[in-house]
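For reference, the structure discussed in these notes is given below.
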Amino acid sequence: MTKKIRTKSRRTIFRRIFKPAWLYLLSRSLEPLSANFGSNRGEPIDRYYIDEFLLENSDFIHGSCLEIEGNVYTLKFGKNITRSDILDLDNRNTKANYHADLRNMPEIKDDTYDCIILTHVLSFIDEPASAIKECHRILKPGGVVLVTLPVTGRMDGRAPENDHWSFKTASAKYIFGKCFTHEKLEIKSFGNVLSGLGHWIGMAQEELTKKELDHVDPRFPIMVTVRAQK
2 MTKKIRTKSR RTIFRRIFKP AWLYLLSRSL EPLSANFGSN RGEPIDRYYI DEFLLENSDF
62 IHGSCLEIEG NVYTLKFGKN ITRSDILDLD NRNTKANYHA DLRNMPEIKD DTYDCIILTH
122 VLSFIDEPAS AIKECHRILK PGGVVLVTLP VTGRMDGRAP ENDHWSFKTA SAKYIFGKCF
182 THEKLEIKSF GNVLSGLGHW IGMAQEELTK KELDHVDPRF PIMVTVRAQK
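Position in the sequence shown (first residue = 1) + 1 = the numbering used here.
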């Protein structure tokens, strides 16, 4: 495994050296620098912001937690985890202990979870308001749902027909405000025009400085984040 990781790391470095972003921009190509969110050049830019958001809110990731498809973020950022459940609509996912639709989860009782983590999930749900309502139901009083929502980026290559929504801070506030009181909502944006351009064309995190990544310009966000407490 270590050898494979090192080989991949060398390949991503070579791609950044022999196909630099500045040369790509000069070429005025109609194809992206990377069609895989920059993952073949390093770490995708949007994951930098997902990690930053979850790190900022890691104190809320505790007790009983629910995550979609896997529990990577629960294990990475959680503290004092007593229950780590995984939900997926796909029955082929053997890691999931719940195979259900986020919009309707009768299998899960009211007031079950201290924390629910939804990273870039709601954009693939045709009725996100129903999913938010269900998350509110299964949260314990005082429980928190941590959500990341895309603003810009390519269509999903696996199932573009299911890639329904992009969000802004205003739309996030509106849709979550239907279930959560505004006093219990914290909605933020991440990104700027440079990191947004990099994300759009397929640059990797490693091709930008920390200062460039950390600058927040609300006019040009890459993603919106929501912390909603019941």
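Glycine included, C-beta positions come from ideal geometry on N, C-alpha and C.
Predicted, not measured: the structure shown is a model, and the values here were computed from it.
DSSP places R138 in the uninterrupted alpha helix (DSSP H) bounded by 129-139. W23 and S30 have their C-alpha atoms spaced approximately 12 Å apart. Here the segment 194-212 makes no contact with the segment 126-133; the two share fewer than three CB pairs at distances below 8 Å. Going by beta carbons, K185 and Q230 fall inside the 7 Å limit. Close CB contacts of T226 within its chain, under the 6 Å cut and outside five residues either way in sequence, are with F54, T149, K189 (chain order).
Rounded to the nearest angstrom, the gap between the Cα atoms of I14 and R42 is 7 Å. Taking the Cβ atoms as the reference, N98 lies roughly 6 Å from D86, within the contact range of under 8 Å. If you draw a straight line from the Cα of R48 to the Cα of G192, it is about 11 Å long. For T170, the secondary structure class from DSSP, reduced to helix, strand or coil, is helix. The three-state secondary structure of V146, taken from DSSP, is strand.
Within the same chain, L186 come within 8 Å of G178 by CB-CB distance, once the 5 residues on both sides are set aside.
Secondary structure of G39 (DSSP, three-state): coil. Residue range 80-88 is occupied by the beta strand (DSSP E) that includes L88. Considered as a whole, the segment 171-227 harbours 186-191 as its complete beta strand (DSSP E) runs of no fewer than 3 residues, in chain order. The three-state reading of DSSP puts T120 in strand, counting E and B together. Bounds of the alpha helix (DSSP H) holding L27 are 22-28.
Per DSSP, E162 lies in no beta strand (DSSP E) and is assigned neither H nor E.
For R220, the number of other beta carbons within 10 angstroms of its own is below 16, and it is reported as exposed. Rounded to whole angstroms, the gap between the alpha carbons of V146 and L27 is 43 Å. Around the C-beta of H200, 16 or more other C-beta atoms lie within 10 Å, and the residue is accordingly described as buried. Listed in chain order, the non-local C-beta contacts of T83 below 7 Å within the same chain comprise G64, S65, local neighbours out to five positions each way being set aside.
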